[in-house]
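In my numbering, the protein residues as written are 11 to 365. Glycine included, C-beta positions come from ideal geometry on N, C-alpha and C.
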């Protein structure tokens, strides 16, 4: 009986080693397990290490190796003769018995995200989200919107854009309107903080256009998303593009719409106006003043700035439509300006109304 047991163990060990040898090269060439550099927070370092060792690396292993780590029947075998696996060209990992109920949880992930923001360690965000995604630990959309808000406050909106560009790895996409609204509002804030002048406007405009391109790519690769569901058709998205293109035309080109972008966005915004009015009715019932203000502030300001662009007055129908839409947007913005709960949003609203 002892000979049979030892023989079985030897065959199992040999099989495992062959499996490792055949699978490691293919795995390492397809997907890199995220790594983290040291941060300013020992608590964050410890949490990132735990996620990497206990969740990210096991999730990146081939199925057979992962099963052997989590199946109780293999526990003793792994303890008696640990097996080392090459997970990259420069790093090895020793398979060890693990229990699913001892893995870092979503609650732990939220704590890590809190520490990343609190310690301004945004360099860890892309690899951390990549690890969560590869280990099937999904965040809800409100959490993504919160990340946008915190990154914006820290001046790290570019990190969010990088997360979105790598959406296939991070799981950070622009499909949910809550996330899209927050992103475009903070792009507006980026330009507003510079009085809609200088390099900040160009930076914000490029971010907005890139976000729209990523929306298009997302829709193109997910045929279940109808064209009407593409967030780029939202009035506040178009309004932000109109606002930024008009601001750049005024400050850099003396009010000339050199690429015809301003008039193009103005026409699109006028076409989307029925959606804007519908959203206004819905917001009156279910949204807070701050949420609606985030949608409307760039729409109003974009319409306002566009009236200063050369060439708009030559298209009388468009000019009349822009003027009418501007009056409606201003009336709505003024109606709840004093009721905006968030101080930062209220400041943004008052700033454009007083411009």
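Looking at C-alpha atoms only, which residue of the options is the closest neighbour of residue i?
i           : options               : result
residue 90  : 97, 47 and 104        : 104
residue 187 : 55, 301, 160 and 84   : 301
residue 226 : 215, 239 and 216      : 239
residue 308 : 55, 196, 51 and 144   : 196
residue 162 : 127, 294, 324 and 150 : 127
residue 321 : 260, 244, 291 and 154 : 260
residue 242 : 180, 221, 144 and 292 : 221
residue 180 : 169, 142, 206 and 167 : 142
residue 112 : 137, 100 and 80       : 80
residue 354 : 185, 299, 341 and 333 : 299
residue 124 : 85, 160 and 42        : 160
residue 129 : 102, 153, 164 and 158 : 164
residue 191 : 154, 176, 172 and 205 : 154
residue 144 : 208, 72 and 361       : 72
residue 175 : 109, 293, 51 and 219  : 219
residue 331 : 282, 185, 158 and 270 : 282
residue 42  : 341, 172, 100 and 185 : 100
residue 110 : 82, 137 and 87        : 82
residue 6   : 326, 269, 335 and 262 : The structure shown does not extend to residue 6, since the chain is modelled only from 11 to 365, so the question has no answer here.
Suppose contacts are defined by Cβ-Cβ distances below 9 Å. Is residue i in contact with residue j by that definition?
i           : j           : result
residue 93  : residue 70  : no
residue 277 : residue 328 : yes
residue 183 : residue 228 : yes
residue 280 : residue 255 : no
residue 116 : residue 139 : no
residue 54  : residue 118 : no
residue 107 : residue 64  : no
residue 289 : residue 245 : yes
residue 363 : residue 344 : yes
residue 151 : residue 189 : yes
Assuming residue i and residue j make a contact with CB atoms under 8 Å, what is their CB distance in whole Å?
i           : j           : result
residue 156 : residue 358 : Not really, about 18 Å apart at Cβ, beyond 8 Å.
residue 61  : residue 122 : 7 Å
residue 306 : residue 339 : 6 Å
residue 200 : residue 167 : 6 Å
residue 68  : residue 76  : 6 Å
residue 193 : residue 170 : 7 Å
residue 264 : residue 318 : With a Cβ gap of about 10 Å, residue 264 and residue 318 do not count as contacting.
Looking at the structure shown, is residue i part of a helix, part of a strand, or coil, going by DSSP?
i           : result
residue 231 : helix
residue 212 : helix
residue 96  : strand
residue 263 : coil
residue 138 : helix
residue 55  : helix
residue 49  : coil
residue 362 : helix
residue 206 : coil
residue 346 : helix
residue 103 : strand
residue 352 : coil
residue 197 : helix
residue 121 : helix
residue 74  : helix
residue 357 : helix
residue 148 : coil
residue 186 : coil
residue 43  : coil
residue 166 : coil
residue 225 : helix
residue 321 : coil
residue 114 : coil
residue 270 : coil
residue 311 : helix
residue 86  : helix
residue 91  : coil
residue 337 : helix
residue 297 : coil
Looking at chain D, is there any beta carbon in it that lies within less than 9 Å of the beta carbon of residue i?
i           : result
residue 319 : Protein chain content of the structure displayed is limited to a single chain, and chain D is not contained in it.
Taking contact to mean at least 3 C-beta pairs separated by less than 8 Å, is the stretch 343-352 in contact with the stretch 313-326? no
Do the stretch 206-215 and the stretch 246-256 meet, that is, are 3 or more Cβ pairs less than 8 Å apart? yes
Taking contact to mean 3 or more Cβ pairs, one atom from each stretch, closer than 8 Å, check whether the stretch 39-57 and the stretch 120-137 are in contact. These segments touch.
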